[in-house]
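Here the sequence shown stands for residues 244 to 720, numbered as in my numbering.
Cβ coordinates follow ideal geometry from the N, Cα and C atoms, glycine included.
Notes follow once the structure below has been shown.
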Amino acid sequence: MKFLPIFLDSHAGPILLVGAGDPVRARLRLLLAAEARVRWHATDDDFAVAGLDPAAASRIERVDDPTTIELNEIVAVFCAGAAEIGMAVAARARAAGLPVNVMDDPAHSSFIVPAIVDRGDVVVAVGTGGASPVVARRVRERIEALLPARIGDLATLIGRWRKPVHDRIAHAPLRRRFWERVVDGPIGALVLAGRSDEAEGALTAIADPSAYAGEQNSRQDEGHVTLVGAGPGDPDLLTVKALRALQDADIVFYDELVSPEVLDRARRDAARVPVGRRVGKPGIGQDAINRLLIDAAKSGQRAVRLKGGDPFIFGRGGEEIEALREAGVACSVVPGITAALGAAAESEVPLTFRHEALRVTFLTAHKARDAESVDWSALTDRKMTVVVYMGITAAQSIRNGLLAAGRSPETPVGVFARATRPDATAVVGTLDRLPALVRRIDGGPAILVIGDVVSRSAPWRNSNLNSLLQTFQMAAE
Ligand code: SAH
């Protein structure tokens, strides 16, 4: 390590900035974002900067001659695009013992500027000793993806409570444990979910030393359940939040729809419990699942309920959330890419299209009986795309229902099976022939998309050769 990372208090005194063009404006924005007061000399005499808010602009003070400016108060010097004047200023500043940075010129700098991840009170600085800003930026991007957006809020909240908690919990190890529980438990989860007010309330309620005197009585407060949308199968379609929840989990309760590749992303030590229906076998039932989730949270575990697609699209997430709330268990929901969106993206079917498809309906028709109870007359609008979940066994009834209600037999339909998985298959045809199309896919899960937009699909983009062949066969028949 050739450079020592330190954080400069931007309120300690003004910063001198010298330079021109985009480089100096980039530096100026950085300094203003850090709430610094800036004495600025534009070497090309162009002091215009677009888009500054008045508060930031008021912290800028113009300097006419940086080579003679009084350096007493200045705490650091930045040169960017400043050419010879920059060299002169840098030499003077160094002689005066001030830290100096000349952009892209380590030889004349006594410090370098890191790549920065800025989350309010949480700031991560990444350096490569000046060797490669591009590598530093890549590292920064990875950290950006890893850090919750509201981690800064969490630090701010804790900062506010530090002193009161210090006064109430004198014993340092106990205090540390208290904060660990706040950060890792439901209070931390609330802040990260944007519910800082509730977090503050919870913190007020527990910031009582007697509650943390023993290990036992606080255990059950720590657990929580996160309902996580696993997406349609491709693990790269997990959201950053889903990944984080999986990485934090003590136990994962997963559905039969969740692909092994997604499950693989859970923390290595997390227990994995299948709770879905197996083919031909009934599942353990919703009540039993609710009970498992509640028990896990009450025993202090961070439980993830991992569901295919999105938890709130035909996923019974609503029922689980209600049961958890009723049981007083802390919970939150991470959305996922629902099967319709995964399939649409993969096969390039725009679910809405200007002038052509103005509405989308998601419905489910699991059995012929369900299909018969659907009001198909509400789905005959030609400008509506209809997506049917769990519609494979009822395909015949769906076709009959829509045709009887008056939708054209020529309406394009697509059957998208195992969308976004390595063995994805797509078959495209017309509504009239839906039952025959459905027979062509080799097992589910599969989704039906009905509407003119399906004719815009690009089945040839599908990596699966099989589906390509089937499409040709359809065309030939
Ligand atoms: N919550 C899930 C849906 C659960 S219902 C979601 O938002 O996607 C189960 C149905 O979803 C299946 O019967 C099938 O119609 C559809 N489905 C789930 N994954 C799919 C996939 N990879 N490809 C096609 N359809 C899928």
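Distance check between Ala325 and each of Gly340, Val318 and Asp308 places Asp308 closest, using alpha-carbon atoms only. Taking 3 residues as the minimum length, the beta strand (DSSP E) runs contained wholly in the region 640-673 are 655-660 and 668-673, in order along the chain. In the structure shown, the three-state DSSP call for Met627 is strand. Leu535 is the residue among Val343, Lys550 and Leu535 whose C-alpha sits nearest the C-alpha of Gln544.
Residue pairing by DSSP leaves Thr311 without any beta bridge partner.
Proximity of the beta carbon of Gly519 to ligand 1 is not indicated: no heavy atom of the ligand is located closer than 6 Å. If you draw a 10 Å sphere on the C-beta of Glu589, you find 16 or more other C-beta atoms in it, and that means buried. Under the 10 Å beta carbon count, His284 is surrounded by 16 or more other beta carbons and is classified as buried.
Per DSSP, the unbroken alpha helix (DSSP H) holding Val425 starts and ends at Ala415 to Asp427. Relative to ligand 1, Phe557 has its C-beta within less than 6 Å of a heavy atom. Taking 7 Å as the cut-off, the beta carbon of Ile258 is found no closer than this to the beta carbon of Val292. A distance below 7 Å between beta-carbons, with the five flanking residues on each side excluded, links Ile635 to the following residues of its chain, in chain order: Val681, Gly687 and Ala689. Short of 7 Å from the beta carbon of Val696, and not among the five residues preceding or following it, lie these beta carbons of its own chain, in chain order: Val592, Pro593, Leu594, Phe596, Glu599, Ala600 and Thr628. Take Ala514, set aside five residues on each side of it, and the residues of its chain with a beta-carbon closer than 6 Å to its own are Ile494, in chain order. If you keep only unbroken alpha helix (DSSP H) runs of at least 4 residues inside the region 505-584, you get 529-541 and 560-569.
For Thr581, the CB falls within less than 6 Å of some heavy atom of ligand 1. Residues of the same chain with a CB within less than 6 Å of the CB of Ser698, apart from the 5 flanking positions on each side, are Pro655 in chain order. Distance from the CA of Val603 to the CA of Val630, rounded to the nearest whole angstrom, comes to 7 Å. Collapsing the DSSP output to three states places Leu500 in coil. Inter-residue distance for Arg405 and Trp422 is about 9 Å (C-alpha atoms, whole angstroms). By the neighbour-count criterion, in which 16 or more other beta carbons inside 10 Å mark a residue as buried, Ile249 falls on the exposed side.
Judged by beta-carbon spacing, Arg335 lies beyond the 7 Å limit of Ala358, meaning their Cβ atoms are not closer than that value. Residue state for Ala331 is assigned as helix, using DSSP reduced to three classes. In this structure, Ala368 lies away from His467, with their beta-carbon atoms at least 7 Å apart.
The beta carbons of Gly476 and Arg664 sit closer together than 7 Å.
Within the same chain, and ignoring the five residues on either side of Leu677 in sequence, the residues whose Cβ sits closer than 7 Å to its Cβ are Ala638, Ile641, Arg642 and Val656. When DSSP states are grouped into helix, strand and coil, Arg405 belongs to the helix group. When the beta-carbon positions are compared, Ala350 and Gly262 stay at least 7 Å from each other. A straight-line Cα-Cα distance of about 15 Å links Cys574 and Arg559. With a threshold of 6 Å, the Cβ atom of Pro478 does not count as near ligand 1, since no heavy atom of the ligand is closer than that.
If you look at Asp361, you'll find it in the beta strand (DSSP E) that goes Ala358 to Arg362.
Between Gly585 and Gly472 a beta carbon distance of about 11 Å is seen, past the 8 Å cut, so the two are scored as non-contacting. A distance below 7 Å separates the beta carbons of Val365 and Gly395. Residue pairing by DSSP puts Thr469 in a beta bridge opposite Val547 and Ser575.
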